[in-house]
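A.B. asks:
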Amino acid sequence: VDYPDLVVVGAGLFGLTVAQQAAELADARVEVIDIRDHIGGNAYSYMDEETGAEIHKYGAHLFHTSSRRVWEYVNRFTEFTDYVHRVWATHDGEVYPLPTNLGTINQFFRAHMTPAEAKALIAEQAGELAGQDPQNLNDKGISLIGRPLYEAFIKNYTAKQWQTDPAELPASIINRLPVRFNYDNRYFQDTWEGLPKDGYTKWMERMAADERIHVSLGVDFFDASQPYSKDALKAAGVPVVYTGPVDRYFDYALGDLKWRTVDFKEVRYDEGDHFGCPVMNFSDADVPYTRAIEFKNFNPERRDAQNPDKTVVWEEYSRFAERGDEPYYPVNTEADKALYARYEELAAGEDKVVFGGRLGTYKYYDMHQVIATALDAYEKRIAPMLAK
Ligand code: FAD
Ligand code: NA
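Here it is, written out as structure tokens:
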């Protein structure tokens, strides 16, 4: 085999960023492999023929960043729409704005409080457990925002996310529950946000468009019968960037890192718009899913190209992941972090292999964070390996 200068395992945002930088800055020939049959990792999306919706196959993805470096970098590969993310929640037969803000509070208490009055009320309600050290997530939630708001908007939603009664969940799962004492319901507070104008997949394809980058899909790094396998590359001394699960790399030698996953249930409606917004949370226990995504509504600028009489919605059901499920959110208990620290030590001992991305480093990263860590990893660790 005529090996390239670098093999990247995983065609997600970490892998593509590294590949793009290696080709452009080091004139490297890069082979990117992915076990899936498409590029883009979890940011991949496809067009739904019937409705004209862009479906984000691995869950709704909103791009946002305050890093000028990342914003300038991504704008080389795509333009962004002026989409601004906002979320609503259904509770007890009413729809409220999120994140919890003065509009939510005044609607909930049937009041017209000023910011100072609302702040005082929440402080008083949060004082219910004053002087006690919260022993579980319920107590923690009450001590942060008071019982009424906690029980309405957090308790059942969290129970569905974890499939566990919050009284049984560790207080450490939440550190803060942001409450805004004004009517700002813009979800992200970053300098820049938006959605890729012609879709996520076009963006990712442009990152790999360099002639020096070759992408092979449907290829498993651990399949010894293909030329870019772990063992073959090690024997040939080819530098590798690995963005798959770190425990899998070491054949789960120290045990499995724990993840949560999400099952998506697709529902189609014979109407143009079902929720009137892209994301509707369901705060109560009687609706079994946590939230519903109506993809058409992420791209109102495409209205003319969308079907005015049909819409598609994905309901999200959250649960613990088993081997073979898509790992989405690290569970991240103290035990998980300790286990990852031991894998990290093994990873540091692997010659010519850089572990990166959310699976390779067992971290929840947003897209902008993955790109930032990839740009850094390229500079500090990969460029030196490629220096001829
Ligand atoms: P991935 O995209 O997971 O790429 C890793 C790739 O490695 C995969 O394509 C996988 O197939 C491949 N691979 C694994 N094992 C092998 C193997 N053995 N051989 C070959 N290939 C292999 N971020 C935001 O900024 N905004 C959001 O709104 C947002 N929403 C999200 C919603 C959900 C449900 C999830 C799970 C994540 C969300 N994210 C969001 C985070 C975003 O998905 C990640 O930041 C980003 O996709 C991570 O890129 P990555 O390259 O690290 O990993
Ligand atoms: Na290419």
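Read left to right, the sequence shown gives residues 3 to 390 (the UniProt record's numbering).
From the three backbone atoms N, C-alpha and C, an ideal C-beta is built for every residue, glycine too.
All figures in this text were calculated on a predicted structure; none of them were measured in a lab.
#1: Any chance the region 323-331 sits against the region 242-262, with 3 or more Cβ pairs inside 8 Å?
#2: Per the contact definition of three or more C-beta pairs closer than 8 Å, is the region 43-50 in contact with the region 76-83?
#3: Looking at the secondary structure, which residues open and close the beta strand (DSSP E) in which G196 lies?
#4: Restricting to Cα atoms, I'd like to know which of T53, E26, A21 and E336 is closest to E273.
#5: Taking the C-alpha atoms as reference points, what is the distance between R149 and N103?
#6: Can you confirm whether the region 189-197 touches the region 215-233 when touching is taken to mean that 3 or more C-beta pairs between the two stretches lie within less than 8 Å?
#7: In chain order, what residues of the same chain have a beta carbon less than 7 Å from the beta carbon of Y364, not counting five sequence neighbours either side?
#8: Consult DSSP for S320 and reduce its assignment to one of helix, strand or coil.
#9: State the Cα-Cα distance for the pair T335 and E347, rounded to the nearest angstrom.
#10: Distance check for N177 and I41, CA to CA, integer angstroms please.
#11: Mind checking whether the beta-carbon of N44 lies closer than 7 Å to any heavy atom of the ligand FAD?
#12: How is F224 classed by DSSP in three states: helix, strand or coil?
#13: Got a sec? Which residues, its chain only, sit under 6 Å from I37 by beta carbon, not counting five neighbours each side?
#14: Taking C-beta to C-beta, are D233 and Y319 nearer than 8 Å?
#15: Can R88 and Y202 be called in contact, C-beta distance under 8 Å?
#16: Going by the DSSP bridge assignment, what does A91 pair with across the sheet?
#17: Report back the beta-carbon spacing between V34 and A21 to the nearest angstrom; my notes put them in contact at under 8 Å.
#18: Please say whether R293 and N301 have beta carbons closer to each other than 8 Å?
#19: Consider the C-beta atom of D36 and the heavy atoms of the ligand FAD; say whether any pair is separated by less than 7 Å.
#20: Keeping to the same chain, check which residues put their C-beta closer than 8 Å to that of D311; ignore five residues upstream and five downstream.
#21: Is M369 near the ligand FAD, with its Cβ less than 7 Å from a heavy atom?
#22: Which residues in the same chain have their Cβ closer than 7 Å to the Cβ of A169, if we skip the five residues on either side of it in sequence?
#23: Taking C-alpha atoms, which residue in K298, F357, E317 and V315 lies nearest to N309?
#24: Answer with buried or exposed for K382, where buried requires no fewer than 16 other C-beta atoms within 10 angstroms of its C-beta.
#25: Assuming T19 and A389 form a contact by the criterion Cβ under 8 Å, report the distance between their Cβ atoms to the nearest whole angstrom.
#26: Which of the three DSSP states, helix, strand or coil, is assigned to M49?
#27: A238 to V11, Cα distance in whole Å?
#28: Helix, strand or coil for N138? Go by DSSP, reduced to three states.
#29: Enumerate in chain order the residues of its own chain whose CB-to-CB distance from Q163 is below 8 Å, with the five nearest sequence positions on each side excluded.
#30: So, is the C-beta of V315 closer than 8 Å to a C-beta in chain C?
#31: In angstroms with no decimal places, state the Cα-to-Cα distance between G220 and A385.
#32: What residue range is occupied by the uninterrupted beta strand (DSSP E) comprising L8?
C.D. replies: In brief:
#1: yes
#2: no
#3: W194 to G196
#4: T53
#5: 16 Å
#6: no
#7: V248, L259, P332 and Y342
#8: strand
#9: 19 Å
#10: 35 Å
#11: yes
#12: coil
#13: D222
#14: no
#15: no
#16: Y98 and N283
#17: 5 Å
#18: no
#19: yes
#20: D272, E273 and G274
#21: yes
#22: N138 and N140
#23: K298
#24: exposed
#25: With 8 Å as the limit, T19 and A389 do not qualify as a contact, their Cβ atoms being about 19 Å apart.
#26: strand
#27: 16 Å
#28: coil
#29: R262, T292 and S320
#30: Considering every chain present, this structure includes no chain C. It has just one protein chain.
#31: 27 Å
#32: L8 to V11
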